[in-house]
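K.L.:
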Amino acid sequence: MTEVPSPAVAIVGRHNSGKTTLVVKLISALTERGHDVGSVKHHSHDKFQIDYPGKDSYRQREAGATETVIASPSKMARVKTLQHEVECSEIVRSMPGHDIIIVEGYRKSGLPTIEVMRSGNEADSAVAKVFLEDAKAGVPLTSDPVQRSRGEGQFARDVAEKMPDANTVAVVTDIPEALEAASIHGIPAFGLDDIPELTAFLEERYVRPRVTVTIQAGGESRRMGRSKATVPFAGKPLICRLVRRLLPVADEMIITTNEPENLGFLADEFPGVDIKLVRDAYDFRGALPGIFTALDAAQNPYVALVACDMVFASAPLVVAEAIEMADKEADIVVPVNKHGFEPFHAMYRRVPCLEVVTEALGRGESRAQSIYRSGELKVVEFPQERVLEVEPMGGCFVNANTPEELAHLEANYFGDA
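Sequence positions in the sequence shown follow my numbering and run 12 to 428.
1) With GLU263 and ALA326 assumed to form a contact (beta carbons below 8 Å), what rounded beta-carbon distance in angstroms separates them?
2) Would you grab the beta carbon distance between VAL317 and VAL224 for me? Rounded to a whole angstrom, and I think it's under 8 Å.
3) Just verifying my parser: in three-state terms, what is the DSSP assignment at SER120?
4) Quick one: measure Cβ to Cβ for ALA189 and ARG256, integer angstroms, because I've assumed they're closer than 8 Å.
5) Compare the beta carbon distance of ILE186 and ALA148 with 8 Å and say whether it is the shorter of the two.
6) Ignoring anything shorter than 3 residues, give me the beta strand (DSSP E) runs that lie fully in the region 331–368, in order along the chain.
7) Over what stretch of residues does the alpha helix (DSSP H) that includes ARG252 continue unbroken?
8) For LYS287, which three-state DSSP category applies?
9) Between which two residues does the beta strand (DSSP E) holding GLY229 run?
10) Under the assumption that ILE113 contacts LEU37 (Cβ atoms under 8 Å), give the Cβ distance between them as a whole number of angstroms.
11) Would you call the CB atoms of GLU340 and PRO346 closer than 8 Å?
12) Within 10 Å of its beta-carbon, does SER238 have 16 or more other beta-carbons around it, so buried, or fewer, so exposed?
13) Does the contact criterion of 3 or more C-beta pairs under 8 Å hold for the region 78–89 versus the region 18–25?
14) Can we say the region 410–417 touches the region 357–367, given the rule of at least three CB pairs closer than 8 Å?
15) According to DSSP, is THR268 helix, strand or coil?
16) Classify PRO248 as buried or exposed, calling it buried when 16 or more other Cβ atoms lie within 10 Å of its own Cβ.
17) Given a cut-off of 8 Å on the beta-carbon distance, is the pair GLY49 and HIS109 in contact?
18) Could you tell me if THR153 is buried or exposed, where buried requires 16 or more neighbouring beta carbons within 10 angstroms of its beta carbon?
19) Determine, using beta carbons only, whether SER28 and ASP135 come nearer to each other than 8 Å.
20) In whole angstroms, give me the CA-to-CA distance for THR241 and ILE250.
21) Output the boundary residues of the beta strand (DSSP E) element that contains LEU93.
22) Straight-line CA distance for VAL218 to LEU41?
23) Report the rounded CA-to-CA distance for MET174 versus VAL141, giving the unit in angstroms.
24) Looking at C-alpha atoms only, which residue of ALA82, GLU133, VAL51 is the closest neighbour of SER105?
25) Going straight from the alpha carbon of GLY131 to that of THR184, what length do you get?
26) Shortest alpha-carbon distance to PRO394 belongs to which of HIS419, GLN380, ALA331?
27) Give every residue of the same chain whose Cβ lies closer than 8 Å to the Cβ of ALA245, excluding the five residues on either side of it in the sequence, and list them in chain order.
28) So is PRO220 buried or exposed if we call it buried at 16+ other beta carbons inside 10 Å?
29) Alpha carbon to alpha carbon, what distance is there between MET358 and CYS99?
30) Out of GLY283, THR267, ILE125, GLU133, which has the shortest C-alpha to C-alpha gap to LEU213?
31) Confirm, please, whether the CB-CB distance from ASP338 to ARG360 is below 8 Å.
32) Hey, how far is the Cα of PHE303 from the Cα of ILE111?
33) Kindly list the residues whose CB is nearer than 8 Å to the CB of PHE295, restricted to its own chain and excluding five residues on each side of it in sequence; keep chain order.
34) By DSSP, does LEU143 sit in helix, in strand, or in coil?
35) Compute the Euclidean distance between the alpha carbons of ILE11 and VAL289, then round it to the nearest angstrom.
36) Since ALA192 contacts ALA146 with CB under 8 Å, what's their CB separation in whole angstroms?
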């Protein structure tokens, strides 16, 4: 089953800067807003204990077990002996499925970092002073303060080790110098008690956006001779294969169809799953009416469109497109290859795309190209080499238009869900 990578943000600062207090408040605020939050805590020493002498699991490890799992009906913990420190990125990759992971520490992880500085902390005040001096001198955050501190005293080197850098995306502080430096650099700054504002910042920039996956099933296909959604493939209606492949990455699943009465079997095939069957909003053919129906029916900010005849439609590609959309602040992320755009395995930002599609339909447009080339939306191309990084076997855009094509694909089917 495809697992959705979790976005992560690190809360960093010096000893006694208030990192843990801030992390706990943020986790609480994000959870109250309905988000699934994971957390990672970095210890700089290796003597911490999460099991205690006398416990059965402790005795098992003392006897020589290099990995022990402690499980109950509601909790599980894993204690493993490491030969070397695990990179933060590896830890985050091992925690899929969260809306966000709040990491405490790991300044050098490469994650977006939120810098905490507290006026009652001498080390924080020292860093804030240098932070402002550098900002006024025009020293960019990309510079290496450690290199610049060479030849100076130990205190200067200690300050340089924990300075804001190019990964700093926000500052949380009550120190005037730090606030002024953040303003010069154009970095958002928050007070120590500005938890609602900081939570909103994280929601806007880093919390995993909800994705609606829309499978466009249409209705009768002339070349297939019957509905593509219900044509058999590997012993099941083809639509079942698409739902099964894409459901793990869908916060909402929609099927646009002109035959909802013939797809009632999906409720039995996927018990407990809310699959919405939506009729096409327009009665004329074309890619644009189908895109409109999907965007209009969706409840989430990101909408993935996939055609039901794409036998090898890719959940990992949906995830990669969502990540690219957030990174590039795109309105559309669309795969592109030698045949051109693949609008029916693409990701759309719902609100701006719906506005532009509605206007295009009002002008009598019906082709997807009319919005891709309009200049009104930020379109980010997802090239073939990136697709192959996500799906090394390729085939994401292969579709079946005739019984012969479907039979050929089924003959080469390897039971990949």
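Quick reminder that beta carbons are idealized off the backbone N, C-alpha and C, glycines included.
P.N.:
The answer reads as follows:
1) Rounded, the Cβ-Cβ distance is 15 Å, inconsistent with contact.
2) Between VAL224 and VAL317 the Cβ distance is about 7 Å, and since that is below 8 Å, they are a contact.
3) The answer is helix: DSSP assigns SER120 an H, G or I state.
4) ALA189 to ARG256, Cβ: 49 Å. No contact.
5) no
6) Within the region 331–368, the complete beta strand (DSSP E) runs of at least 3 residues are 343–348, 356–360.
7) Per DSSP, ARG252 belongs to the alpha helix (DSSP H) from 249–257.
8) strand
9) Note, GLY229: beta strand (DSSP E), 222–229.
10) 6 Å
11) no
12) buried
13) no
14) no
15) Assignment of THR268 by DSSP, reduced to helix, strand and coil, places it in the strand class.
16) By the 10 Å Cβ count, PRO248 comes out buried.
17) yes
18) exposed
19) yes
20) 6 Å
21) Premise fails: LEU93 is in no beta strand (DSSP E) and is neither H nor E.
22) 9 Å
23) Distance between the alpha carbons of MET174 and VAL141: 8 Å.
24) VAL51
25) 11 Å
26) ALA331
27) ARG252, GLU421, TYR424, GLY426
28) Looking at its Cβ environment, which holds 16 or more other Cβ atoms inside 10 Å, PRO220 is buried.
29) Pairing CYS99 with MET358, the inter-Cα distance amounts to about 29 Å.
30) ILE125
31) no
32) 30 Å
33) SER377
34) helix
35) Residue 11 lies beyond the residue range present for the chain, which begins at 12 and ends at 428; the question has no answer from this structure.
36) Confirmed, Cβ separation roughly 4 Å.
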